[in-house]
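Step one of this worksheet: look at the structure below.
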Amino acid sequence: MSYKFLFSLFFALAVLSPGLKAQSQYKPVGKRISFVGKNVRLADFFNVVWDQTHMQAFYNDEQLSSEERITVEFRREPLDNVLAFLLRKKQLTWYYREETFVILPKKPGEPDLGQMPDEATMSIPGMVTDKSGAPLQNASVIVKGGRKGASTSEAGKFLLSGIRKKTVLSISCIGYASKDVQVFDDDTLKVQLTPAVTGLDEVLVIAYGTSTRRNLTGAVSEVTSKDIAQQPVSDPLLAMQGRIPGLSITQTSGLPGAEVKVELRGRNSIAAGNNPLYIVDGIPFPGTALTFNNIATEGSSISALGASNPLNMINIADIASIDVLKDADATAIYGSRGANGVILITTKAAKQGRMKMDANIYSGVGTMGHSANYLNTQQYLQMRHEAFRNDKTDPQLSDYDIVSWDTTRYTDWQKELLGKTAKITDGQIAFSGGDSTIQARISGGYRRESTIYPGDFNYQKASGRINLNMLSRDKRLKLTVGASYVADKNYLPAKDLAAFLGTPPTAPVIYDAAGKLNWADGTFENPMAAALRTYKAKTSNLMTNAVLSYKILNGLHVKTSIGYNFMEMHEIQPNPISSLNPAGSQVGYSNFGNGSSKSWIVEPQVSYVRDIAKGQLEVLVGTTFQQEIRDQEGFYAYGYANDDLLENMTAASIIQKLDQRYYQYHYNALFGRINYKWRDKYIINLTGRRDGSSRFGPGRELANFGSIGTAWIFSREPWVETTLPFLSFGKLRASYGRTGNDQIADYGYYATYSTSLPYLGIAGLSPTRLFNANYGWELSNKAEVGLELGFRQDQVLFRASYYHNRSSNQLVKYPLSGLSGFDFIIDNYPAVVQNTGWEIELNTVNVKHRNFSWNTSFNISIPNNKLLKFPELDKTPYSNYFAVGQPLNIIKGFHYLGVNDKTGLYEFQDVNNDGKIVALSADYSFTKRTGSIFYGGLQNSLHYKNWQLDVLFQFVKQNRYDFLYTHLMPGMADNQPVDVLGRWQATGNRTGTQQFSQLLGNAYTAYLNMQRSDAVITDASYARLKNLSLGYQLPEKWMRSAHLQSARFYLQGQNLFTFTGYKGQDPEVASNEHEIYPPLRIWTLGLQLGL
Amino acid sequence: MLLKYPQIKVLQLFSGAPRKGRTIAGIAIICLILSGCKKLIEVPVPPTETTPEIVYTSDANATSAVIGIYADMISSKGFASGGTRSITFLNALSADEMESYSSMTVPREFYQNSLNSNNNAVENNLWDEGYKYIYAANALLEGLERSKGLSEFVTARLKGEAYFIRAFCHFYLVNLFGDIPYLETTDYTKNIVSYRQLSSTVYQHIITDLQNAQTLLPDNKERLRPNKWAATALLARVYLYERNWSQAEAQAMAIIDNKANYQLEDSLNRVFLTNSGEAIWQLLSNRAGVDTWEGRNFILTLAPATGESNAAALSDYLLKAFEKGDQRRRAWVDSITVGGKYFFPYKYKIKNDNDTVVDESSVVLRLAEQYFIRAEARVHLGNFDGAKEDVNLIRRRAGLPGITANNEPDLLAAIAKERQVELFTEWGHRWLDLKRTGQAIPVLSNEKAPGWQPMDTLYPIPQNELILNKNLTQNQGYN
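Residue numbers (the working numbering), protein chains in the order written: chain P, 1398 to 2488; chain A, 6 to 484.
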């Protein structure tokens, strides 16, 4: 019903009515209102009044806007008081007439009607701001234990009248911790709120918008800058380890800039990409790097970094929050890109307030946390000689390690190769400030990190960023601009030196008398040569984004976000003559790699918010245009006369182009969301997206995705309030939807020829791939239910969720027999992978005092991955890697029985009883699960006066490759872990290691079978003191005299202790190839200053 | 109850909006709906690639497609390259020609005749790479069949080269692995389920392909791309292996009689030069700094290394096979003394080359072999004098007196011996000769003890191939 429509009629009646005065004396008796609401439209509030009192409001929209927002808390308040409160600051009054009350302008001097006079009351003006002094709008100010309340204006101001002395006001605002303040006099009350920590009302970034923990229908987890700042790392991903349920983050190496494996809620895809979608300030960020390794053919990798990690190109100190979107409700709006989850990175925004400067610098050291035990010289020689005895042969001329070398020498290669102390220095500075229309934040940072390798290897990163907000005077037009430039430089050996830990301990001296590498006449493959073959990578990333929004009407906004990202990488891998084995070529050469990625995105959107029928409706519609061009090339430059000019391509006598790749990706979509929240109790959220991608074959480019999410905040139900009074918050939520995965190679459906090296001066052409037109989307159906509970005024928050995802139409990189001329073809296969799992989070405020507080957060994830369906698996090559009903991460092979006490050889179960152990026969059918079984973290935050201590434990229960079997067969010219000493020597020995041997005979076959058995997978579970951060805030008194806003000293430690039964250096980087540069144990000291 | 009015209200979404606002909102929504245009998600073929349709529309492009095969062959370090994972090197280790000093399992397994079915070189560099060239050859044949606008001459030549490459690769695969699938299509759905065919059947296909190649290929002096004479030379060898003596003699004779094109080089030091008079087909290096991978990897400047490169030396057995005064021992074998004395093949004399001129090229087929083929065929055909004449021609160049044997077994033994010292560490001649003449087991049981077993004459079918194609079977003795 439109009240104002009827108003003119009634107004005329009322004004003309002679009995007006008399009517106004009428007071409705027993009409009381109970209502609690934040930010409620006045019109909706009057609906409530109608519901509860059957009194109808009449007013003129020009005098009182029905769109006005109020935040009130009334408990059985007489209607008169309610109206007095509502109209307290306005020149309005009212009178009653039968079942109506009419609001009209007050005559000058006329007192407020319904105002209860009180002898000792006063009016309190006030202002609510955040810590920086920026005003907070819509904060609610409520008299504790009373009925009065107000909400703050855009300038953060409020006025409360009729307040008694010593009244306590409770001030709260979404995203901030509420605060109680006592009133003493009628001076302007200034209240500063601090951001909420475990609160339900902290702002969470979601797809194309924000929400709060309270109102969320989907599964979202967040790490904020506070947690990130506690860790002396440069990679945002590493700062999330152990903190986000459902997110498994594993380093592939501890090297700065190395690749990080990210799995959100398990592995959805058998063969396509399993990376989440990264979005920085609304702009998709490339998830794969531009390294030469990515384009080079097998075996010609030029760096130890693997695929490297592009997220390193974001300055971690500029990150305000990282939000991880998990279920269909949160991710389906990203359609084809959302199947593996979405990680939203939001940078620190410019804020209103006086200009301030924040500086932060820390410095520290890193060392290898745990060293493995290898044989010493005496043990090694014992092994070698025993091997020859067992083989009944004598060492040959070619057995240099015992025939030609000085066998009294001992080199601890672990100490030589990984024994140094890495140094870390990190400095950051940021300026911010602005008025109500323009705000800016400018920041810069620099980081340098060296390695534990011998030699001066290091990683450096410099970054700068600008964020600007501009707002028109009528507050309709708003522009937000962000630009950042990050450049890094990685200087490393071309190969991980940890791969050389098997070098015999009897090896000759590393350097000869002249200080050159010693090759011992060519008998010694000197591992230090790898340290001379260096790798230099320079990456730079320009990231810009702008959001332009215009408020057409109250609640109706049009908005366009535009982003451009340019990343460039240059790699040089020189091979100086000094590093070359004199047995081979003595001419220096270098590899060069260049890569660039340019992408832009434009996303016009329209959003509309309106209160409808006691609820709030939000509608969002938008479209995406996105394109990316990636260009990569590799060169080989040969014939350098000396080692000085190796990094200069033109100084080479011959330059060859090895490869060039070019990828173009086009993407276009239409998306939308409808969210309806009814009485802050029932929430429904619908999302949808129609996607088109250039990665798919003709006729299969388009697909639809969508989700439905619902939440029921049952703690708002009266019957819950009465029956479960201890419950301060309770929410049940559920979602279901469908997302897709398009992380497959570009041009996958084209059969093409690409250029190969020239021959006879003619460019060659080679077939690139097979044609495949039926190349469609991989689909994930995701279901989720969640329960969220708050106790003790939300001091204890419990969250549990269960998800059930099924990914079908699997894009399988179908390995082809070499007979096809190719390694694989990518094809869709009706296989189904299921990921289910539990995620539990508990956040508690254990103690909360002014001087002492103690918070605990705990999370655990129990993922369960299963290959649900794979039609005719046994007819496909995948039968040797997968089994229906089992996780994708399994190994298949022989079943290890032990060492035969008579033959001294490893034995395996002969399933088909044919007397032989044969690969791919029935003998080869045992499976063992690899990867994580559960994982999580436990964080305790303690604060005592000026001290702050944070301790994070990370734990992972997992199976990984045992480093024992990554070496050559024990007995060969390769050093071994000391564990092999428990080997078989004579009949009757019961041991875990077979007899030593160096021949390619039966022992060798047994050893190879061992490497293909279930015994190579071992328990590599660990619990790690991941992070410790101790800070001391200088007393305010001192700071004032030093004109500082804040000053803090801190000590931080990373990867301090690891509790594990795994015997290699580090269970996190366990590999089936060799030892890997481990994550370092880091200690840093830092200082943070605010000016 | 839950949604009291939303339907109506949604319709009234813009009811309260002023006209101007409504118009803007309307335009915005129309814009959204209009997106999703197909053009926005189309991408052209990348500039670094080209489509088969384009490849087979011009002589130049189609030629590039066959050139690509030779470019890959010489640059891969596998199969035909002469590098550490080529047939030349790996077969030399399997036979009695070279000794490995490597601690790496890939070469050690060849050297110790203890191959495993997941040996990386067996899978990637022999099997997969061989079939990769076969695919490219088949693609070429199919593409040329469909092509438009190509000249007749180029079409014929390229077809001939494709037939030749297909036959050539199958020839080595059948000799290394025994029965193998003979593939004549690019249809991967058929290829990946193909069965092993009897080697005699494979040989029939090879012969047909080579005959086709002979008629299609040009009769010219080209040595760096196969011509009619390369096909003839390989065909002569195939007939020899198939014990078709008269055909073997006839094919070999055809080349030997083509004196305008091919003559034995008088100097042993000129045999392996690029465009040597003796070369029938050579592969030309396209890698900077490398003339031949043989030169790069065989020539020792220090003790043999323990890695994969420069990690082998000639065996005593081979060195002893040279007669006294054999010039080949002097010209084609060299040694280095570092700690011990190590001998190495020195047919290719350039280890590193800093200029762009490729002085030496890897010889795949050469005339000397054709004399041996004709000699051996003649012995079987009873023409002992003719056989001796052929062998002695080669011996004379090596500064050796003629042979005097006068019966079939002695002549055959003499030819085998001569092949051993003439063709050593070239393209697996020794390995294939031992196998085809039944000498592998008696000779290698002695020379390669204790690792040698009779099953080692065939390499294992790669384990992954067995996984990927259930129709394949493993060679005896392997698992």
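Ideal Cβ placement from N, Cα and C applies to all residues, glycine included.
Secondary structure note for Met-258 of chain A: its alpha helix (DSSP H) is the uninterrupted segment 250-261.
Taking C-alpha positions only, Lys-1812 of chain P is separated from Ala-2444 of chain P by approximately 39 Å. Close to chain A, meaning a Cβ-Cβ distance shorter than 7 Å, are the following residues of the stretch 2163-2188 of chain P: Ser-2163, Pro-2164, Thr-2165, Leu-2167. Taking a beta-carbon distance threshold of 8 Å, Asn-474 of chain A counts as an interface residue toward chain P. Here the alpha carbons of Leu-2265 of chain P and Ala-70 of chain A stand approximately 44 Å from one another. Sorting P:Leu-2176, P:Asn-1942, P:Ala-1891 by C-alpha distance to the C-alpha of Ile-1667 of chain P places P:Leu-2176 at the top.
Annotation: Gly-2187 of chain P to Leu-1874 of chain P spans about 39 Å, alpha carbon to alpha carbon.
Checking the DSSP bridge columns, you'll see Pro-1532 of chain P partnered with P:Thr-1526. For Phe-1471 of chain P, the uninterrupted beta strand (DSSP E) segment begins and ends at 1466-1475. Between Phe-182 of chain A and Leu-463 of chain A the beta-carbon gap is near 6 Å, inside 8 Å, which marks them as a contact.
For the 8 Å CB-CB criterion, Phe-2323 of chain P and Phe-2291 of chain P form a contact. Taking C-beta atoms as the reference points, Ile-399 of chain A and Glu-431 of chain A fail to come closer than 8 Å. In terms of Cα proximity to Tyr-1456 of chain P, the closest of P:Gln-2442, P:Leu-1634, P:Tyr-1492 is P:Tyr-1492.
Leu-1461 of chain P is not a Cβ neighbour of Ile-1521 of chain P, given a cutoff of 8 Å.
If only complete runs of 3 or more residues are kept, the stretch 1795-1822 of chain P shows no beta strand (DSSP E) anywhere. The beta carbon of Gln-268 of chain A sits closer than 8 Å to those of Gly-282, Glu-283, Leu-372, all from its chain and outside the five residues before and after it, given in chain order. With respect to the 8 Å criterion, Leu-2425 of chain P and Val-2315 of chain P are not classified as neighbours on the basis of their beta carbons.
Here the alpha carbon of Pro-49 of chain A sits roughly 17 Å from the alpha carbon of Thr-2152 of chain P.
Contact between Ile-2473 of chain P and Pro-1642 of chain P fails: their C-beta atoms lie close to 27 Å from each other, not under 8 Å.
Lys-2460 of chain P is positioned such that its CB atom lies closer than 8 Å to that of Ala-1769 of chain P. The criterion of a C-beta distance shorter than 8 Å is satisfied by Tyr-187 of chain A and His-175 of chain A. Neighbourhood of Ile-139 of chain A in chain P, by CB distance below 9 Å: Leu-2216, Gly-2218, in chain order. Gln-1825 of chain P is bridged by DSSP to P:Asn-1757, P:Gly-1842. Setting aside the 5 residues that flank it on each side, Ala-326 of chain A is surrounded in the same chain by Gln-425, Val-426, each with a C-beta closer than 6 Å to its C-beta; the list follows chain order. Scanning its chain for C-beta atoms nearer than 8 Å, with the 5 sequence neighbours on each side dropped, one finds around Thr-2363 of chain P the residues Ser-2468, Asn-2469, Glu-2470, His-2471, Glu-2472, in chain order.
Between the alpha carbons of Pro-2367 of chain P and Thr-1649 of chain P lies a distance of about 26 Å. Separation of the CB atoms of Val-1984 of chain P and Tyr-2035 of chain P is rounded to 7 Å, and the pair is thereby assigned contact status at 8 Å. Its chain contains Ser-1733, Asp-2088, Gly-2137, Trp-2174 as the residues whose beta carbon lies nearer than 7 Å to that of Ala-2100 of chain P, once the 5 sequence neighbours on both sides are disregarded; these appear in chain order. When C-beta distances to chain P are compared with 9 Å, the residues of the stretch 122-139 of chain A below that value are Ser-122, Asn-123, Glu-128, Asn-129, Trp-132, Asp-133, Glu-134, Gly-135, Tyr-136, Lys-137, Tyr-138, Ile-139, in chain order.
Spatial neighbours of Ser-81 of chain A in its own chain (CB-CB distance under 7 Å, excluding positions within 5 residues in sequence) are listed in chain order as Glu-134.
The criterion of a C-beta distance shorter than 8 Å is satisfied by Arg-1781 of chain P and Ile-1799 of chain P. By the criterion of at least three beta-carbon pairs nearer than 8 Å, the stretch 203-223 of chain A is in contact with the stretch 159-172 of chain A.
Straight across, the Cα-Cα distance linking Ile-408 of chain A with Ala-380 of chain A is about 12 Å.
Cβ proximity to chain P below 8 Å picks out Val-343, Gly-344, Gly-345 from the stretch 317-346 of chain A. Contact between the stretch 2010-2017 of chain P and the stretch 1973-1990 of chain P is absent: fewer than 3 CB-CB pairs across the two stretches fall below 8 Å. Where Tyr-1961 of chain P is concerned, there is no enclosing alpha helix (DSSP H), although the beta strand (DSSP E) around it starts and stops at 1953-1972.
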